[in-house]
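Chains as they are written, first to last, in the numbering used here: chain Y, 1 to 189; chain C, 1001 to 1189.
2 protein chains.
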Amino acid sequence: MTTARDQIIETTCELLEFQGYHATGLNQIIKESGSPKGSLYYYFPGGKEELVTEAINRVGQVMLERIRANLAEIADPAAAVREFILNVARYVEESGYRTGGPITTVALEMAASSDRLRAACQYIYDGWQAAFYDTLAAGGFADDRARSLATLILASIEGGIILCRTRRSREPLENIAHELGRLIACEPR
Amino acid sequence: MTTARDQIIETTCELLEFQGYHATGLNQIIKESGSPKGSLYYYFPGGKEELVTEAINRVGQVMLERIRANLAEIADPAAAVREFILNVARYVEESGYRTGGPITTVALEMAASSDRLRAACQYIYDGWQAAFYDTLAAGGFADDRARSLATLILASIEGGIILCRTRRSREPLENIAHELGRLIACEPR
DNA sequence: GTCTATACACTGATAGAC
DNA sequence: GTCTATCAGTGTATAGAC
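Set out below in structure tokens:
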């Protein structure tokens, strides 16, 4: 059955998002997922690192699909990016400022100590950035410009989530949404 | 003597910056600082939370002075912000992509579980943002605009550091520096 | 003030019965 | 495949000698 395995991964995703790597223990994962510890090491013989790698890959893929779906809804790239970020702001607020930036904490905690997790986070970030790049390129931006703008968009969303969680307010991401919308609408492309 | 106490705080600052809160143990702190555990609880009866609060307050203050000193060097706000971010990029690279964003990891790990640490991080972020705000206001930006631009600058630096550490490259912050310079130079103000 | 020894909970991980 | 019991190590925190 993939159900038990999937349940462990799903629970791991949620706990990682608002607690980070070190604060999330395997005992908590098996407790909240309702799975026995024996199963955990049966499905993930590589232990915690392997489990977390699979978890962030899953959440990264889910997020990528949401980003692409959101951006595809609006033709104008400035408006599309602005509305996407406003959606993120609402999501962070609705979670009680506990979640958002599903791999950010893991990236910061583990980039220096686990190259496997660092590479996994890099791959996910690259995918997200490519989604913004494609939207900008389709909007007429030159290659270099689309690339650096996509970097700014991704970075400011990640940083904006941190500010929202710290200030317990969705205002930082709202400000960022409007400033980036202004920048993208600005010539030259 | 404040020396022993200061040494503990100093070591805590460094370890927090590249390991985060949960990965940094009190045993490691006393070991690397050369201080005995008895002294740690003598100076910080509130335990780890109190020690970390003092540590991030110190590093926040040091960073604030560096930000203000950097921004004061160049009169044009667009160039001042751009050069500051390029300095951050160089610093992150020179550390081997292990440090940068001295309170970011703590903010993400602890905002949901410790209101004391969350409030401390918020206060520091507010101070840094105010430094950018003052530069923009002096450059002729209207109050609201200066405020939202300062939020974007702070968020994109924090997020840019995460991308640089994950990709082991200073390119993300360099892209961000130039895009923000372009945005700030753009009318209307 | 400084230091050692230690308490107690919890971590990731493993062995072996079923 | 599943589950329990348990390992060695580490976490924070405390007690008490000096």
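Where is the CB? At the ideal position from N, CA and C, for every residue including glycine. Remember, predicted model here, so these are calculated numbers, not experimental data.
Extent of the continuous alpha helix (DSSP H) run through residue i
i, result
"C/Phe1141", "Element bounds for C/Phe1141: n/a, residue is neither H nor E."
"Y/Ser39", "Lys37 to Tyr43"
Collapsed DSSP secondary structure at residue i in the structure displayed
i, result
"C/Ala1111", "coil"
"C/Tyr1097", "coil"
"Y/Asp76", "coil"
"Y/His22", "coil"
"Y/Glu17", "helix"
"C/Ile1176", "helix"
"Y/Glu54", "helix"
"C/Ile1085", "helix"
"C/Thr1002", "coil"
"Y/Gly47", "helix"
"C/Cys1186", "coil"
"C/Ile1103", "coil"
"Y/Gly34", "coil"
"C/Arg1168", "coil"
Any chain C beta carbon closer than 8 Å to residue i
i, result
"Y/Phe18", "yes"
"Y/Gly140", "no"
"Y/Asn27", "no"
"Y/Thr12", "no"
"Y/Arg165", "yes"
"Y/Asn57", "no"
"Y/Glu179", "yes"
"Y/Tyr42", "no"
Short CB-CB distance (under 8 Å) between residue i and chain Y
i, result
"C/Glu1109", "yes"
"C/Pro1172", "yes"
"C/Thr1135", "no"
"C/Asn974", "Given that chain C is displayed from residue 1001 to residue 1189, the structure contains no residue 974 of chain C and the question cannot be resolved."
"C/Glu1083", "no"
"C/Leu1071", "no"
"C/Tyr1091", "no"
"C/Ile1008", "no"
"C/Gln1122", "yes"
"C/Thr1105", "yes"
Check: residue i C-beta below 7 Å from any heavy atom of the ligand GDP
i, result
"C/Arg1005", "For the ligand GDP, the structure offers nothing, since it holds no ligand at all."
Straight-line Cα distance separating residue j from residue i
i, j, result
"Y/Pro36", "Y/Glu10", "15 Å"
"C/Val1106", "C/Glu1083", "27 Å"
"Y/Arg90", "Y/Gly181", "17 Å"
"Y/Glu174", "Y/Ala142", "27 Å"
"C/Ala1120", "Y/Arg165", "13 Å"
"C/Ala1004", "C/Leu1183", "46 Å"
"C/Leu1071", "Y/Tyr97", "32 Å"
"Y/Ile67", "C/Thr1135", "34 Å"
"C/Arg1116", "C/Pro1045", "15 Å"
"C/Asn1057", "C/Asp1006", "13 Å"
"Y/Ser33", "Y/Lys48", "15 Å"
"Y/Arg190", "C/Arg1189", "The structure shown has nothing for residue 190 of chain Y, since chain Y only spans 1 to 189."
"Y/Lys31", "Y/Gly38", "12 Å"
"Y/Glu179", "C/Ala1137", "16 Å"
"C/Glu986", "C/Ser1156", "Since the first and last residues shown for chain C are 1001 and 1189, residue 986 of chain C lies out of range."
"C/Ile1074", "C/Val1092", "22 Å"
"C/Ala1185", "Y/Arg145", "16 Å"
"C/Tyr1043", "C/Ala1131", "32 Å"
"Y/Arg118", "Y/Gln61", "16 Å"
"C/Ala1079", "Y/Ala79", "28 Å"
"C/Ser1095", "Y/Met110", "16 Å"
"C/Thr1002", "C/Ser1114", "27 Å"
"Y/Val81", "Y/Glu187", "16 Å"
"C/Asn1087", "Y/Glu50", "36 Å"
Contact under 8 Å by Cβ, residue i with residue j
i, j, result
"Y/Leu108", "C/Leu1163", "no"
"C/Leu1040", "C/Ile1008", "yes"
"C/Pro1102", "C/Val1059", "yes"
"Y/Thr104", "Y/Glu158", "yes"
"C/Arg1147", "C/Tyr1125", "no"
"Y/Cys13", "Y/Ala55", "yes"
"C/Gln1122", "C/Ala1150", "no"
"C/Phe1018", "Y/Ala112", "yes"
"C/Leu1064", "C/Gly1127", "yes"
"Y/Leu15", "Y/Gln28", "yes"
"C/Gly1020", "C/Pro1077", "no"
"C/Leu1152", "Y/Ile176", "yes"
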